[in-house]
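The next block holds one structure in the form of structure tokens; read it before the comments.
Residue numbers (the numbering used here), protein chains in the order written: chain D, 1 to 184; chain H, 1001 to 1156.
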């Protein structure tokens, strides 16, 4: 098959048969495969966190904990939710430039910002929960080990999350390099 | 506005189909990407100033979406003794063997090269390809020659 055959195949390919009703459905967010899943995950996460905020003071003896631990917990929880709302809104808009290369550059930079914000607020939220529960404990050796275990788990979770973001950013970066190679 | 948009996409949906076939190998991934592209086209439609051709605008959005959208994690290859039942076909009649070979060859290229060859095969000039991709006109020519050579080697 030479390039003329490829061109001819290309011209004959791609006669779609989706009607206007099917296309209309695709413009709705509720029918969108990826955004719908992200939205459901985000809504469940937000509801659980709001429920936690509503019950933690009575349920986990907020009154007996230091004021700083309560403030840190509420502040980090709000930051966690707000950042996820912002990230969700940003991810819905991957197209950001008049040409492919500019769009990729801007999206890559946005992804880096989002990754940093997500990782920072996850770390902050996890640390706030650990601090809250550890703030009024009389520590024994066993409890120190349990605390160390929780800290290691938190660091591990944040690390795994950072790998996922890194992979996404790398994917955009490698395409940008492919485009750049053509201009050298 | 919605009626005009739907009419435009319906008439030019072959562009989306081709981009999906170039950037995704399984039917399910192609369907998901198709939906994602239509969604992004609809969102960017109010900003489409009609200074460029509809097809140029659609290619720009479709290629951009295909490159930045992340695939779901799953096993990528599935080997079977016979051809699978075509129970998910919703684009068109079964593509010809040559057409499938062409897409398989194109999918071996990197993402940037796939975008360039698609625009070349669609008969865009080097200047237009440079405008859509953001790389210089001279190097569009250099790159297209290299891609054509690569494709020739793959297909022969």
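Just so it is clear, CB atoms sit at the ideal spot from N, CA and C, and this is done for glycine as well. Since we're looking at a predicted model, the values are computed, not measured.
Item                                                                                                                              : Value
Spatial distance of residue 221(D) from residue 145(D) (CA atoms)                                                                 : Outside the displayed range of chain D (1 to 184) lies residue 221(D), so it cannot be described from this structure.
Proximal chain D residues relative to residue 1115(H), where beta-carbon distance stays under 8 Å                                 : 100
Proximity of residue 1022(H) and residue 1103(H) at Cβ, strictly below 9 Å                                                        : yes
From 1038(H), 1034(H) and 1128(H), residue whose alpha carbon lies closest to that of residue 1056(H)                             : 1128(H)
Stretch pair the segment 69 to 86 of chain D + the segment 108 to 121 of chain D: three plus CB contacts closer than 8 Å          : yes
Presumed contact (8 Å Cβ cut-off) between residue 100(D) and residue 1133(H), rounded CB distance                                 : 5 Å
Buried/exposed call for residue 94(D), threshold 16 Cβ in 10 Å                                                                    : buried
Residue 129(D) to residue 47(D) span [Cα, whole Å]                                                                                : 17 Å
Residue environment, residue 180(D), which counts as buried when at least 16 other CB atoms sit within 10 Å                       : exposed
Residue 123(D) versus residue 1039(H) - alpha carbon distance                                                                     : 34 Å
C-alpha distance - residue 1155(H) paired with residue 22(D), whole-angstrom precision                                            : 36 Å
Collapsed DSSP secondary structure at residue 32(D) in the structure displayed                                                    : coil
Selected residue, minimal CA-CA separation from residue 97(D), among 1105(H), 1061(H) and 1070(H)                                 : 1061(H)
Residues, ordered as in the chain, of the segment 1044 to 1060 of chain H that lie near chain D by beta-carbon distance below 8 Å : 1044 and 1060
Cβ shell of residue 25(D) (< 8 Å), same chain only, five flanking positions each side left out                                    : 31
Closer than 9 Å to chain D by CB, residue 1153(H)                                                                                 : no
Coarse secondary structure for residue 1070(H), derived from DSSP in three states                                                 : coil
Interface partners of residue 113(D) on chain H, CB under 7 Å                                                                     : Within 7 Å Cβ-Cβ: nothing; residue 113(D) doesn't reach chain H, min ~15 Å.
Buried/exposed call for residue 1030(H), threshold 16 Cβ in 10 Å                                                                  : buried
Alpha helix (DSSP H) segment containing residue 1044(H), residue limits                                                           : 1027 to 1044
Same chain only: Cβ atoms within 7 Å of residue 1137(H), ignoring 5 sequence neighbours per side                                  : 1126, 1127 and 1130
Counted within 10 angstroms of its Cβ, other Cβ atoms place residue 63(D) as buried (16 or more) or exposed                       : exposed
Near-chain H residues of the segment 21 to 46 of chain D (beta-carbon distance less than 7 Å), N- to C-terminal order             : 23, 24, 26, 27, 32, 33 and 34
Near-chain D residues of the segment 1107 to 1132 of chain H (beta-carbon distance less than 9 Å), N- to C-terminal order         : 1110, 1111, 1112, 1113, 1115, 1116, 1117, 1118, 1120, 1121, 1122, 1123, 1130, 1131 and 1132
For residue 1087(H), the three-state DSSP class (helix, strand or coil)                                                           : Note on residue 1087(H): pLDDT 42, under 50, position unreliable in the model; the coordinate value appears next. Looking at residue 1087(H) - three-state DSSP - the assignment turns out to be coil, as it is neither helix nor strand.
Cβ-based neighbour list, residue 1135(H), same chain, cut-off 6 Å, excluding 5 preceding and 5 following                          : none
Beta carbon of residue 42(D) nearer than 9 Å to that of residue 92(D)                                                             : no
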